[in-house]
Amino acid sequence: MTTLLLELPTELLLGITERLPFEAIKSLSIVNWQLHRTLSPDLFRCVRFTNRREDCDIISTVVEKYGRKVEKLAFELHFIPGQEDDDHDDLWPPGRTSERYPPARSITAQAQQLLDGSILPHVSRLRVAFFIGDFGHEVFGGKANPVYKRLEPSSETRAEEQLWPWRATLNQAFGALATRKGLRTLELHDLIPRDCSTFHTLKWWKLVSHLEEVEIHLWTGHNIDIGRQSSVRGGYSDFLDIVGLNFFVDGDSMTRVKLVADISGPIGGSGRVRRLNPFQYVSMPKLLHLELENCLIDKALCRFLGDHSQQLKVLRLKSCFAGRPLLHLPYYTWELFFYHFLIRRPVLEELTVTTDNATVTESEEAHSDDQGPAILVSGQESEDVKDIRRQLLDDPNRRLWVYAKLDPDSGVIVHDLAEIVTNNKMGQDQDKYDELMVLVRQNREGSGNGA
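Read in order, the letters of the sequence shown correspond to residues 65 to 515 in the working numbering.
In structure tokens, the structure reads:
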């Protein structure tokens, strides 16, 4: 088999391997030196590095041998020190014990140089993931300093970073990143809902103003001190304001934005408890591609889309929902959402709405994913539910439009089954969606991008 592969033209071999999963490419590359030389560009196109001291040697070797092939960096920030760090007294302030002030890793010199571009300055794509692990509650201060509390005034952020080592580590990473030149794509995974003093500096604003693609995955976790999801805590809504002001407001060059909320803490809505819309004061004059996941569609989002209706080409909504998340908030339907966007006559050429694990009965709602497919007993279902199922089976273009509500105490989001059945039975959501899709297809065909 190896001999046959080596006899193939290089272009054909690369064409085959680029369709293979990464692990398969990795296995092939160690068969012999010829395959390793051919496949190394794919293997080292993205290099992962951490602030773990034990990773430094291997990263140095990879950078030295294959640095010119690297197209993307993936940094994983660990807050918890490993056993090899136990004797490092500088991980927390002098005189403070690890019981009261949890230890945190510092940023290694190598990680600092990879983040700020001193090493591999040609790489313009960077992913930063924040490794919380199973210790989020302990590391982030427990009752003494819950990560979910209201944000302090920006003038006090630096003092908090001096007090809590994990916050100093967080700011150190963003501080190094802020000085990087030529960064065009930034991904942040499990972004922790706390402010950083770096966010309020000129160097950070300059970095953001040159970014073309931004992808943010928010971390919420569960506030086990008081049994509430962090998404109903004031600190979380405060942080969404920070995300808007420090990641999007100055996004003058951004063409693609993806925002993924934690499934247990959807964003969207406004009011006394929730004002979770990071796009409230955002312009992003060049935005062409927007993806949202686990978000509540509301008037604020629709206003943002309306303001960008004459530039936005792609809109993708995954596991988003409509409804009234809290009783004091206005009720908002999918029909209204599509209507308000449609009257702006958008130039949109792609609209994708997908939903995972949508339910129409209580038995489905209570059925967990690890139990396998839910067993549907049609004889016990209402005629309305049966009609909805038949419509979905008969028409592959038909969607199940999801409505949900939020428990203001626990922060748990559950499907509003009554509204799902009522609105899907009436069909107005689907009708307005179909009307908008007609315009989307016309736009695509008019631009020459149609099938």
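The beta-carbon is built from N, C-alpha and C at its ideal position, and this holds for glycine as well.
**Asked** Can Phe-143 and Trp-230 be called in contact, C-beta distance under 8 Å?
**Response** With respect to Trp-230, Phe-143 sits close: the two C-beta atoms are nearer than 8 Å.
**Local Cβ density within 10 Å of Thr-161, reported as buried at 16 or more and exposed below that** = Note that Thr-161 scores a pLDDT of 42, beneath 50, so its modelled location is shaky; the value from the coordinates is reported in the next line. When all chains shown are included, Thr-161 counts as exposed.
**Asked** Considering only residues of the same chain and omitting the five flanking positions on each side of Ala-386, which have a CB-CB separation below 6 Å?
**Response** Ile-361, Tyr-396, Thr-397, Trp-398 and Tyr-467
**Request:** Starting from Arg-112, trace the beta strand (DSSP E) both ways and give me its first and last residue.
**Result:** 110-114
**Asked** In angstroms, rounded to a whole number, what distance separates the CA positions of Ala-208 and Ser-261?
**Response** For Ala-208, the predicted model reports a pLDDT of 49, less than 50, meaning its position is unreliable; a value from the coordinates is still stated below. So the two alpha carbons sit approximately 21 Å from each other.
**Message:** Under DSSP, the beta strand (DSSP E) around Phe-194 begins and ends at which residues?
**Reply:** 189-195
**Prompt:** Considering only C-alpha positions, which residue in the set Val-272, Ser-182, Leu-141 and Phe-311 is nearest to Ala-232?
**Reply:** Leu-141
**Asked** Using DSSP with H/G/I as helix, E/B as strand and the rest coil, what is Lys-377?
**Response** coil
**Contact under 8 Å by Cβ, Ile-517 with Val-126** = With the chain running from 65 to 515 in the structure shown, residue 517 is simply not present.
**Request:** Please report the Cβ distance between Trp-268 and Ala-242, rounded to the nearest whole angstrom; I am assuming they are in contact, meaning their Cβ atoms lie under 8 Å.
**Result:** The pair is a contact, with the Cβ atoms about 5 Å apart (cut-off 8 Å).
**Request:** Could you check what DSSP says for His-281 in three-state terms: helix, strand or coil?
**Result:** strand
**Request:** Run the CB neighbour count on Glu-348, radius 10 Å, all protein chains shown included, and call it buried at 16 or more, exposed below.
**Result:** Inspection of the sequence shows that residue 348 is occupied by Met rather than by Glu. Met-348 comes out buried.
**Prompt:** Is the distance from the Cβ of Arg-109 to the Cβ of Lys-133 below 8 Å?
**Reply:** yes
**Request:** Drop a sphere of 10 angstroms on the beta-carbon of Ile-477, count the other beta-carbons inside from all chains shown, and report buried for 16 or more, exposed for fewer.
**Result:** buried
**Asked** Looking only at DSSP bridge pairs, what is Glu-357 linked to?
**Response** Partner(s): Val-324 and Lys-382.
**Item:** Extent of the continuous beta strand (DSSP E) to which Ile-477 belongs
**Value:** 477-479
**Asked** Exposed or buried, what is Ile-407 when buried is set at 16 or more other beta-carbons lying within 10 Å of its beta-carbon?
**Response** Counting C-beta atoms within 10 angstroms of its own C-beta, Ile-407 has fewer than 16 neighbours from the protein chains shown and is therefore classed as exposed.
**Prompt:** My guess is that Leu-415 and Met-501 are in contact by the Cβ rule of under 8 Å, so how many angstroms apart are they, rounded?
**Reply:** 6 Å
**Message:** If I measure Cβ to Cβ from Phe-303 and keep anything under 6 Å in the same chain, skipping five residues before and after, which residues do I get?
**Reply:** A distance below 6 Å between beta-carbons, with the five flanking residues on each side excluded, links Phe-303 to the following residues of its chain, in chain order: Pro-257.
**Extent of the continuous beta strand (DSSP E) run through Phe-405** = It is not in any beta strand (DSSP E) - Phe-405 instead sits in the alpha helix (DSSP H) that spans 398-406.
**Message:** Can you give me the C-alpha to C-alpha distance between Pro-410 and Trp-283, rounded to a whole angstrom?
**Reply:** 32 Å
**Prompt:** Taking Pro-330 as the reference, which of His-281, Asp-316 and Phe-311 has the closest Cα?
**Reply:** His-281
**Asked** For Phe-194, which residues of its own chain have a beta-carbon under 6 Å away from its beta-carbon, when the five flanking residues on both sides are left out?
**Response** Residues Leu-141, Asp-254 and Ile-256 of the same chain have their beta carbon placed closer than 6 Å to that of Phe-194, with the five preceding and five following residues left out of the count.
**Request:** State the DSSP-derived secondary structure class of Gly-315, mapped to helix, strand or coil.
**Result:** coil
**Message:** Less than 8 Å between the beta carbons of Val-187 and Glu-251, yes or no?
**Reply:** no
**Asked** If you count every other CB in all the chains shown that lies within 10 Å of the CB of Gly-510, and 16 or more means buried, which is it?
**Response** exposed
**Message:** Only counting the same chain, and skipping five residues up and downstream in sequence, which positions put a Cβ closer than 6 Å to that of Lys-382?
**Reply:** Glu-357 and Thr-418
**Prompt:** Hey, does Thr-243 have any beta-carbon neighbour from chain B nearer than 8 Å?
**Reply:** Considering every chain present, this structure includes no chain B. It has just one protein chain.
**Message:** Considering Cα atoms alone, identify which of Gln-236, Phe-238, Thr-265 and Arg-189 is closest to Ser-219.
**Reply:** Thr-265
**Request:** For Pro-342, count neighbouring Cβ atoms within 10 angstroms of its own Cβ and tell me buried if that reaches 16, exposed if not.
**Result:** buried
**Segment limits, beta strand (DSSP E) that includes Leu-415** = 414-418
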